[in-house]
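Mind the numbering: the sequence shown is residues 20 to 446 in our numbering, read in order. Cβ coordinates follow ideal geometry from the N, Cα and C atoms, glycine included. Accompanying notes for the structure given below.
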Amino acid sequence: MTSKPKYWLYGILISVIIGVVLISGCVQQQKPVKDQLLKENKSEDSHFGFMHPEHFEEMEELNVYWQRPHAGPFIWDEIEPEPGQFDWVYADEVVKESQNHDINILATLWPFAEWDQSSCHQKLPAEKTEDFGKLGEYRQKPCNMQAYKNFVKKVVERYDGDGFEDMPELKYPIKYWEVSNEPSMQEDLVFFKGTPEDYFEILKTTYQAVKEADPDAKVVQGGMAGLGDEERVFWQAVLDLGGGKYFDIANIHYVGVTPEAFDVPELKEFLEKNGLNKPFWITELQYSAMALGEDRLSEDEWAKFMIKNFVQAFNTGADKIFYIGLEESPSDPEAWLIKDSEKQETYQAFKTMVSKIDYFSSVKKLGERQYKFIVNDKPVYVLWGTGNLPTEITGTVKVTDIHGSEMLLDVSQITLNDSPIFIEVEK
């Protein structure tokens with residue numbers, strides 16, 4: 020007797036094959052989704068950004084596509100208000116608003132959840148925590164470091180753009196994560212209260228969590244509050260513990276600033292002394308005439324000063340610089356870009372600077388107050404002072420002043436002064 024064909028076995032076999040193909044396709048799909056997001060995000064290489072911007076439309080007009088929300092939404096207590104209970108509403112809103120304007124986010128991770136902190140810490144004095152209330156009343160090392168690590172992994176996974184557990188409609192992944200803010204500053208305004216050893220543990224745990232969730236992401240150290248004696252002691256202790264292994268990008272903040280390059284050379288020297296050859300960002304910059312020994316500077320003086328400082332800082336090695344904000348910032352009012360809803364001279368100067376030197380691939384100092392940027396494989400010179408033009412600049416060139424006014428001039432017609440100019444060789 021001839022046995023009947025076992026068609027049901029064929030059906031099962033075909034179903035299994037189809038299932039394997041579909042699963043394989045899903046797995047393969049994750050990486051292309053991530054690659055496409057990164058490919059579309061061309062502005063990631065921009066060198067300019069703002070902290071907590073109030074004006075996204077103006078950022079687009081300025082062609083500035085980086086922001087650092089401060090304090091931002093990535094606070095442990097905001098996202099995980101109860102153990103294991105996650106609330107993404109506010110964080111998603113911030114991310115969506117930013118990506119609607121094609122703006123990248125440098126995200127600050129805050130290791131504070133009231134339910135965790137209260138289990139092993141006492142509240143700080145009220146005057147220490149009256150600013151940035153969402154950071155809570157404790158602001159110390161997590162009591163449960165494993166719980167904190169799990170939180171970090173959840174956050175990074177949601178915004179990494181790999182197609183797995185991503186925020187719905189994520190357009191641009193978040194690839195840069197800053198670990199708290201100015202942890203050495205513990206007297207008046209307190210963002211963190213603890214020892215260098217405490218911060219080292221936070222830095223290490225955060226780094227490990229970020230890399231486990233997204234190996235391509237970069238970790239930025241919590242901004243150094245300048246390079247005063249206290250800051251040097253704190254950060255030297257962190258580095259002595261091995262902290263240099265647990266961040267990809269060094270980071271410093273400047274309030275007031277010196278006339279030359281925000282002290283960036285000192286940061287570079289500090290890193291090199293500790294054997295660290297890492298890129299570094301300035302993720303907070305604000306100006307104060309008093310810190311410069313002046314009673315007050317005009318809009319025009321600030322506009323000139325700003326361009327000179329940015330150019331010198333880029334020459335010394337700073338890769339990205341985040342200005343404090345467009346309006347109502349702690350900087351002197353004349354240094355704001357917008358005041359009383361009016362665009363100031365600093366606004367146009369900033370716009371001109373971005374249009375001329377952003378996306379530069381290299382910068383070289385040719386002489387005193389003379390710098391050569393390479394932008395899209397073409398030289399752009401930024402010059403001021405009283406010297407002669409570099410000898411390599413000849414013929415007819417395009418000259419742009421800080422207000423954006425352009426003209427074609429023969430080099431013999433150009434006289435340098437205290438106001439920076441941008442020169443492009445016409446060919």
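With 16 or more neighbouring CB atoms inside 10 Å of its own CB, Q305 falls in the buried class. DSSP lists no bridge partner for K370. Counting the other Cβ atoms within 10 Å of the Cβ of R315 gives fewer than 16, which makes it exposed. Contact check for E425 against V418 passes: the beta carbons are separated by less than 8 Å. Residues of the same chain with a CB within less than 7 Å of the CB of E184, apart from the 5 flanking positions on each side, are E176 and R177 in chain order. Between F131 and L154 the beta-carbon gap is near 6 Å, inside 8 Å, which marks them as a contact. Bounds of the alpha helix (DSSP H) holding E112 are V108 to N119. C-alpha of D121 to C-alpha of K358: approximately 25 Å in a straight line. Taking 8 Å as the cut-off, the beta carbon of I301 is found closer than this to the beta carbon of F341. For I340, the secondary structure class from DSSP, reduced to helix, strand or coil, is strand. Distance between A256 and L295, taken at the CA atoms: about 15 Å.
Close CB contacts of E364 within its chain, under the 6 Å cut and outside five residues either way in sequence, are with E318, D319 and A322 (chain order). Per DSSP, reduced to three states, the secondary structure at Q165 is helical. Scanning its chain for C-beta atoms nearer than 7 Å, with the 5 sequence neighbours on each side dropped, one finds around D420 the residues S438 and I440, in chain order.
In terms of Cα proximity to Y218, the closest of D181, L435 and L128 is L128. Note on G245: 16 or more other CB atoms within 10 angstroms of its CB, so buried under the neighbour-count rule.
By a beta-carbon distance limit of 8 Å, G406 contacts Q389. Their separation comes to about 7 Å. Shown here, R388 sits in coil according to DSSP, grouped into three states, outside any helix or strand.
In the structure shown, A308 falls within a coil segment according to DSSP collapsed to helix, strand and coil.
A check of alpha carbon separations from L402 across A232, K384, P100 and I393 identifies K384 as the nearest. In this structure, the alpha-carbon of G423 lies about 36 Å from that of V238. In the three-state reduction of the DSSP assignment, R251 falls in the helix class, which pools H, G and I.
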